[in-house]
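Input: a single structure, listed below in C-alpha coordinates.
In the numbering used here, the protein residues as written are 15 to 289.
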(Lines of atoms letter the chains of each structure in order from A; the text may use other names.)
(Lines give C-alpha, C1' and ligand atoms only; values in the text may rest on other atoms or scores of the structure.)
Protein backbone atom coordinates (compact mmCIF):
# COMPACT_ATOMS: atom_id res chain seq x y z
CA UNK A 15 0.00 0.00 0.00
CA UNK A 16 1.52 3.29 -1.05
CA UNK A 17 2.44 5.93 1.54
CA UNK A 18 0.18 8.92 1.45
CA UNK A 19 2.06 12.29 1.17
CA UNK A 20 1.00 14.63 3.91
CA UNK A 21 2.00 17.76 1.87
CA UNK A 22 -0.68 18.02 -0.78
CA UNK A 23 -1.05 21.05 -3.00
CA UNK A 24 -4.27 22.97 -2.86
CA UNK A 25 -6.74 21.65 -5.41
CA UNK A 26 -9.05 24.60 -5.81
CA UNK A 27 -8.96 28.38 -5.88
CA UNK A 28 -10.93 28.72 -2.71
CA UNK A 29 -8.75 26.29 -0.83
CA UNK A 30 -6.39 27.70 1.81
CA UNK A 31 -2.71 26.81 1.20
CA UNK A 32 -1.01 24.94 3.93
CA UNK A 33 1.24 26.63 6.47
CA UNK A 34 4.49 25.26 5.08
CA UNK A 35 3.70 26.74 1.66
CA UNK A 36 2.91 30.10 3.10
CA UNK A 37 6.19 30.07 5.08
CA UNK A 38 8.15 29.09 1.95
CA UNK A 39 6.42 31.78 -0.07
CA UNK A 40 7.21 34.34 2.64
CA UNK A 41 10.89 33.39 2.64
CA UNK A 42 11.05 33.71 -1.14
CA UNK A 43 9.35 37.06 -1.02
CA UNK A 44 11.80 38.27 1.65
CA UNK A 45 14.74 37.12 -0.45
CA UNK A 46 13.34 38.84 -3.54
CA UNK A 47 12.83 42.00 -1.51
CA UNK A 48 16.40 41.82 -0.23
CA UNK A 49 17.77 41.27 -3.72
CA UNK A 50 15.63 44.10 -5.04
CA UNK A 51 16.85 46.43 -2.30
CA UNK A 52 20.44 45.52 -3.08
CA UNK A 53 19.83 46.10 -6.78
CA UNK A 54 18.29 49.48 -6.00
CA UNK A 55 21.27 50.32 -3.78
CA UNK A 56 23.66 49.32 -6.53
CA UNK A 57 21.70 51.38 -9.03
CA UNK A 58 21.95 54.36 -6.69
CA UNK A 59 25.68 53.86 -6.29
CA UNK A 60 26.20 53.47 -10.01
CA UNK A 61 24.08 56.55 -10.53
CA UNK A 62 26.36 58.46 -8.16
CA UNK A 63 29.42 57.12 -9.98
CA UNK A 64 28.25 58.32 -13.37
CA UNK A 65 28.86 62.06 -12.66
CA UNK A 66 32.27 61.19 -11.24
CA UNK A 67 33.16 59.16 -14.31
CA UNK A 68 31.96 62.00 -16.51
CA UNK A 69 34.08 64.48 -14.49
CA UNK A 70 37.11 62.19 -14.79
CA UNK A 71 36.54 61.87 -18.53
CA UNK A 72 36.19 65.66 -18.82
CA UNK A 73 39.40 66.24 -16.85
CA UNK A 74 41.23 63.64 -18.91
CA UNK A 75 40.08 65.41 -22.06
CA UNK A 76 41.25 68.77 -20.65
CA UNK A 77 44.59 67.29 -19.61
CA UNK A 78 44.97 65.72 -23.03
CA UNK A 79 44.41 69.10 -24.68
CA UNK A 80 46.84 70.75 -22.22
CA UNK A 81 49.45 68.08 -22.92
CA UNK A 82 49.01 68.59 -26.64
CA UNK A 83 49.30 72.39 -26.21
CA UNK A 84 52.38 72.03 -23.99
CA UNK A 85 53.97 69.68 -26.49
CA UNK A 86 53.35 72.21 -29.25
CA UNK A 87 54.82 75.05 -27.14
CA UNK A 88 57.85 72.90 -26.26
CA UNK A 89 58.45 72.21 -29.94
CA UNK A 90 58.15 75.92 -30.75
CA UNK A 91 60.48 76.80 -27.85
CA UNK A 92 63.00 74.20 -28.99
CA UNK A 93 62.94 75.64 -32.50
CA UNK A 94 63.32 79.17 -31.11
CA UNK A 95 66.26 78.18 -28.88
CA UNK A 96 67.94 76.36 -31.74
CA UNK A 97 67.54 79.44 -33.92
CA UNK A 98 68.88 81.73 -31.16
CA UNK A 99 71.88 79.45 -30.56
CA UNK A 100 72.64 79.42 -34.27
CA UNK A 101 72.39 83.24 -34.35
CA UNK A 102 74.65 83.54 -31.29
CA UNK A 103 77.25 81.27 -32.87
CA UNK A 104 77.12 83.34 -36.03
CA UNK A 105 77.46 86.57 -34.02
CA UNK A 106 80.37 85.10 -32.04
CA UNK A 107 82.10 84.17 -35.27
CA UNK A 108 81.48 87.66 -36.65
CA UNK A 109 82.70 89.22 -33.39
CA UNK A 110 85.86 87.12 -33.45
CA UNK A 111 86.49 88.21 -37.03
CA UNK A 112 85.83 91.84 -36.09
CA UNK A 113 88.20 91.58 -33.10
CA UNK A 114 90.89 90.10 -35.32
CA UNK A 115 90.39 92.88 -37.86
CA UNK A 116 90.44 95.46 -35.06
CA UNK A 117 93.71 94.05 -33.75
CA UNK A 118 95.20 94.29 -37.22
CA UNK A 119 94.01 97.90 -37.48
CA UNK A 120 95.39 98.73 -34.02
CA UNK A 121 98.76 97.17 -34.85
CA UNK A 122 98.85 99.11 -38.10
CA UNK A 123 97.88 102.32 -36.29
CA UNK A 124 100.53 101.70 -33.62
CA UNK A 125 103.17 101.09 -36.28
CA UNK A 126 102.08 104.23 -38.12
CA UNK A 127 102.15 106.24 -34.89
CA UNK A 128 105.62 104.94 -34.04
CA UNK A 129 106.96 105.93 -37.45
CA UNK A 130 105.15 109.28 -37.60
CA UNK A 131 107.33 112.31 -36.81
CA UNK A 132 106.50 114.43 -33.76
CA UNK A 133 104.51 117.38 -35.07
CA UNK A 134 104.57 120.93 -33.76
CA UNK A 135 101.21 120.44 -32.05
CA UNK A 136 102.54 117.32 -30.32
CA UNK A 137 105.60 119.24 -29.20
CA UNK A 138 103.33 121.91 -27.79
CA UNK A 139 101.43 119.34 -25.76
CA UNK A 140 104.65 117.75 -24.55
CA UNK A 141 106.02 121.18 -23.64
CA UNK A 142 103.09 121.71 -21.28
CA UNK A 143 103.98 118.40 -19.59
CA UNK A 144 107.71 119.18 -19.39
CA UNK A 145 108.78 119.61 -15.76
CA UNK A 146 112.28 120.91 -16.70
CA UNK A 147 113.93 118.44 -14.32
CA UNK A 148 117.46 117.06 -14.34
CA UNK A 149 118.60 113.91 -12.55
CA UNK A 150 122.03 114.18 -10.93
CA UNK A 151 123.37 110.76 -9.91
CA UNK A 152 126.48 109.77 -7.99
CA UNK A 153 126.20 112.14 -5.00
CA UNK A 154 128.06 110.69 -1.99
CA UNK A 155 125.99 110.03 1.15
CA UNK A 156 128.22 112.35 3.19
CA UNK A 157 127.11 115.40 1.20
CA UNK A 158 124.25 117.27 2.88
CA UNK A 159 121.64 118.35 0.35
CA UNK A 160 118.99 119.50 2.83
CA UNK A 161 119.89 123.14 2.29
CA UNK A 162 119.16 122.95 -1.44
CA UNK A 163 115.71 124.51 -1.71
CA UNK A 164 114.98 123.66 -5.34
CA UNK A 165 115.93 119.99 -5.15
CA UNK A 166 114.09 116.79 -4.36
CA UNK A 167 116.43 114.19 -2.89
CA UNK A 168 115.81 110.45 -3.02
CA UNK A 169 118.08 107.68 -1.80
CA UNK A 170 119.25 105.12 -4.32
CA UNK A 171 121.26 101.98 -3.68
CA UNK A 172 124.22 101.04 -5.81
CA UNK A 173 123.84 98.37 -8.45
CA UNK A 174 125.69 95.97 -6.13
CA UNK A 175 124.19 95.73 -2.65
CA UNK A 176 126.46 97.22 -0.01
CA UNK A 177 126.17 98.14 3.70
CA UNK A 178 124.95 101.62 4.56
CA UNK A 179 128.44 102.61 5.79
CA UNK A 180 130.06 101.56 2.52
CA UNK A 181 131.46 104.32 0.31
CA UNK A 182 129.88 102.64 -2.76
CA UNK A 183 126.41 103.87 -1.71
CA UNK A 184 125.21 106.92 -3.55
CA UNK A 185 122.26 109.26 -3.82
CA UNK A 186 120.40 110.78 -6.71
CA UNK A 187 119.12 114.34 -6.68
CA UNK A 188 116.38 115.59 -8.98
CA UNK A 189 116.65 119.33 -9.68
CA UNK A 190 113.65 121.22 -11.05
CA UNK A 191 114.87 124.17 -13.11
CA UNK A 192 113.03 127.33 -14.06
CA UNK A 193 112.87 126.62 -17.79
CA UNK A 194 113.87 124.20 -20.49
CA UNK A 195 116.62 126.62 -21.51
CA UNK A 196 118.15 126.49 -18.03
CA UNK A 197 118.02 122.72 -18.18
CA UNK A 198 119.79 122.73 -21.55
CA UNK A 199 122.50 125.01 -20.17
CA UNK A 200 123.06 122.69 -17.22
CA UNK A 201 123.16 119.61 -19.44
CA UNK A 202 125.58 121.35 -21.80
CA UNK A 203 127.96 121.69 -18.86
CA UNK A 204 127.63 118.01 -17.96
CA UNK A 205 130.65 116.85 -20.05
CA UNK A 206 132.91 119.41 -18.34
CA UNK A 207 131.44 118.47 -14.96
CA UNK A 208 132.35 114.83 -15.56
CA UNK A 209 136.00 115.90 -15.92
CA UNK A 210 136.00 116.94 -12.26
CA UNK A 211 136.22 114.45 -9.43
CA UNK A 212 133.57 114.29 -6.74
CA UNK A 213 136.16 115.18 -4.14
CA UNK A 214 137.09 118.40 -5.94
CA UNK A 215 133.43 119.33 -6.51
CA UNK A 216 132.28 118.89 -2.90
CA UNK A 217 135.63 119.37 -1.15
CA UNK A 218 135.61 115.96 0.55
CA UNK A 219 137.70 112.82 0.55
CA UNK A 220 135.83 110.23 -1.49
CA UNK A 221 136.99 106.81 -2.59
CA UNK A 222 133.77 105.58 -4.26
CA UNK A 223 132.42 106.38 -7.74
CA UNK A 224 134.33 109.50 -8.72
CA UNK A 225 132.06 111.16 -11.28
CA UNK A 226 128.65 112.80 -11.36
CA UNK A 227 126.16 111.92 -14.07
CA UNK A 228 123.37 114.23 -15.23
CA UNK A 229 120.43 113.38 -17.48
CA UNK A 230 117.22 115.11 -18.47
CA UNK A 231 113.87 113.86 -17.22
CA UNK A 232 111.72 114.02 -20.35
CA UNK A 233 107.99 113.39 -20.85
CA UNK A 234 107.14 109.73 -21.38
CA UNK A 235 107.00 109.51 -25.21
CA UNK A 236 110.17 111.57 -25.66
CA UNK A 237 111.97 109.64 -22.94
CA UNK A 238 111.25 106.34 -24.73
CA UNK A 239 112.54 107.83 -27.98
CA UNK A 240 115.61 109.20 -26.17
CA UNK A 241 116.48 105.78 -24.69
CA UNK A 242 116.16 104.16 -28.13
CA UNK A 243 118.34 106.90 -29.59
CA UNK A 244 120.94 106.25 -26.87
CA UNK A 245 120.97 102.53 -27.68
CA UNK A 246 121.27 103.22 -31.42
CA UNK A 247 124.16 105.65 -30.85
CA UNK A 248 126.04 103.07 -28.78
CA UNK A 249 125.46 100.36 -31.39
CA UNK A 250 126.47 102.55 -34.34
CA UNK A 251 129.39 104.26 -32.55
CA UNK A 252 127.78 107.68 -32.58
CA UNK A 253 128.26 110.35 -29.89
CA UNK A 254 125.50 110.46 -27.24
CA UNK A 255 122.25 112.16 -28.28
CA UNK A 256 121.70 115.81 -27.42
CA UNK A 257 118.53 117.28 -25.90
CA UNK A 258 117.52 120.86 -26.73
CA UNK A 259 114.33 121.85 -24.99
CA UNK A 260 112.13 118.87 -25.69
CA UNK A 261 113.77 118.01 -29.00
CA UNK A 262 116.29 115.21 -29.48
CA UNK A 263 119.27 115.50 -31.81
CA UNK A 264 122.17 113.28 -32.80
CA UNK A 265 125.34 113.80 -34.75
CA UNK A 266 127.72 111.50 -36.52
CA UNK A 267 130.80 113.06 -34.95
CA UNK A 268 131.53 115.63 -32.24
CA UNK A 269 131.73 118.52 -34.71
CA UNK A 270 129.09 117.28 -37.13
CA UNK A 271 125.82 119.19 -37.49
CA UNK A 272 122.91 118.13 -35.31
CA UNK A 273 120.29 115.86 -36.89
CA UNK A 274 116.76 115.99 -35.36
CA UNK A 275 115.27 112.67 -34.24
CA UNK A 276 111.48 112.78 -34.22
CA UNK A 277 110.57 109.10 -34.57
CA UNK A 278 112.00 105.60 -34.78
CA UNK A 279 112.05 105.84 -38.57
CA UNK A 280 114.84 108.42 -38.25
CA UNK A 281 116.87 105.92 -36.22
CA UNK A 282 116.32 103.20 -38.81
CA UNK A 283 117.99 105.38 -41.44
CA UNK A 284 121.25 105.66 -39.47
CA UNK A 285 124.30 103.88 -40.79
CA UNK A 286 127.23 102.63 -38.71
CA UNK A 287 129.89 105.23 -38.06
CA UNK A 288 133.04 104.25 -39.93
CA UNK A 289 135.22 106.93 -38.35
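Glycine residues also receive a C-beta, built at the ideal position from the N, C-alpha and C atoms.
(message) By the DSSP assignment, the beta strand (DSSP E) with residue 230 in it spans what residues?
(response) 227-231
(request) Compute the distance between the beta-carbons of residue 148 and residue 200, then report whether it is under 7 Å. (result) Taking 7 Å as the Cβ cut-off, residue 148 and residue 200 qualify as a contacting pair.
(message) Measuring only the C-alpha atoms, how far is residue 266 from residue 108?
(response) Approximately 52 Å between the Cα atoms of the pair.
(message) Let me check understanding here. Comparing Cα to Cα, which of 123, 251, 275 and 253 lies closest to residue 260?
(response) 275
(message) What residue range does the beta strand (DSSP E) around residue 274 cover?
(response) 273-275
(request) Note the first and the last residue of the continuous alpha helix (DSSP H) segment covering residue 197. (result) In the DSSP assignment, residue 197 falls within the alpha helix (DSSP H) that extends over 194-202.
(request) At 4 residues or longer, and completely inside the segment 38-115: list those alpha helix (DSSP H) runs for me, N to C. (result) none
(request) Quick one: give me the first and last residue of the alpha helix (DSSP H) that residue 213 is part of. (result) 212-216
(request) Mark residue 67 as exposed unless 16 or more other C-beta atoms lie within 10 angstroms of its C-beta, in which case mark it buried. (result) exposed
(request) Could you work out which residue in 145, 208 and 204 is closest to residue 192 when comparing CA atoms only? (result) 145
(request) Pair every Cβ in the segment 212-220 with every Cβ in the segment 234-250, then say whether three or more of these pairs are closer than 8 Å. (result) no
(request) Classify residue 267 as helix, strand or coil using the three-state DSSP reduction. (result) coil
(message) Between residue 153 and residue 117, how many whole angstroms is the CB-CB distance? I'm expecting something under 8 Å.
(response) Here residue 153 is actually not in contact with residue 117; their C-beta atoms are around 47 Å apart, not less than 8 Å.
(message) Going by the DSSP bridge assignment, what does residue 262 pair with across the sheet?
(response) In the DSSP output, where bridge partners are listed per residue, residue 262 has 257 and 275.
(message) Using the three-state DSSP reduction, which class does residue 207 fall into: helix, strand or coil?
(response) helix
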